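One point on numbering: in the UniProt record's numbering, the residue at position 91 of the sequence shown is 91, and numbering is uninterrupted. Note that beta-carbon positions come from the ideal geometry of N, C-alpha and C, so glycine has one too. Since the model is a prediction, treat every value here as computed from it, not as a measurement.
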Amino acid sequence: MLAALALHGPLAVGINALTWQNYLGGIIKYHCDGGPMMLNHAVQVVGYDLSEPTPHYILRNSWGPNFGNDGYAYIAIGGNICGIAEEVSSVQVTEK
Numbered sequence: 001m002l003a004a005l006a007l008h009g010p011l012a013v014g015i016n017a018l019t020w021q022n023y024l025g026g027i028i029k030y031h032c033d034g035g036p037m038m039l040n041h042a043v044q045v046v047g048y049d050l051s052e053p054t055p056h057y058i059l060r061n062s063w064g065p066n067f068g069n070d071g072y073a074y075i076a077i078g079g080n081i082c083g084i085a086e087e088v089s090s091v092q093v094t095e096k
């Protein structure tokens, strides 16, 4: 996903967000309730940070600025946390 994000820009991903209503910030490091195959929400991966002790993706959610950190969440890279790597989409624009 890191290569796709660097090459194509923001990615749309399916995630398991069953417990995200309680997310107040920080880096999500563990699997979500129900496991990685119970995808029930989509978010946009807009970046990543490899400089922190826990490298993580930066996600933009659609629940507004009161969610997480001004509408953003952070999820650890690796381990398919919350199923983030199960359904990944990007857009490729071809100039004519």
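Reduced DSSP category for residue i - H, G, I as helix; E, B as strand; rest coil
i: Ala76; result: strand
i: Leu50; result: coil
i: Asn69; result: strand
i: Cys32; result: coil
i: Trp20; result: helix
i: Gly64; result: coil
Alpha carbon of residue i to alpha carbon of residue j, nearest angstrom
i: Asn66; j: Val13; result: 21 Å
i: Met1; j: Ala85; result: 7 Å
i: Leu5; j: Tyr72; result: 17 Å
i: Asn80; j: Val88; result: 12 Å
i: Leu50; j: Ala76; result: 10 Å
i: Gly9; j: Ala3; result: 10 Å
Identified DSSP bridge partners for residue i
i: Gly14; result: Ala42
i: Val88; result: Val13
i: Ile58; result: Gly47 and Tyr74
i: Ile27; result: Tyr74
beta-carbon residue i near the ligand PLP non-hydrogen atom, thresh 7 Å
i: Lys29; result: Because no ligand of any kind appears in the structure shown, any question about the ligand PLP cannot be addressed here.
Should the region 56-69 be called in touch with the region 31-38, which here means at least 3 C-beta pairs below 8 Å? No, the region 56-69 does not touch the region 31-38.
Contact between the region 79-96 and the region 33-48 (3+ Cβ pairs under 8 Å): Taking 8 Å as the limit for Cβ pairs, the verdict is that the region 33-48 does touch the region 79-96.
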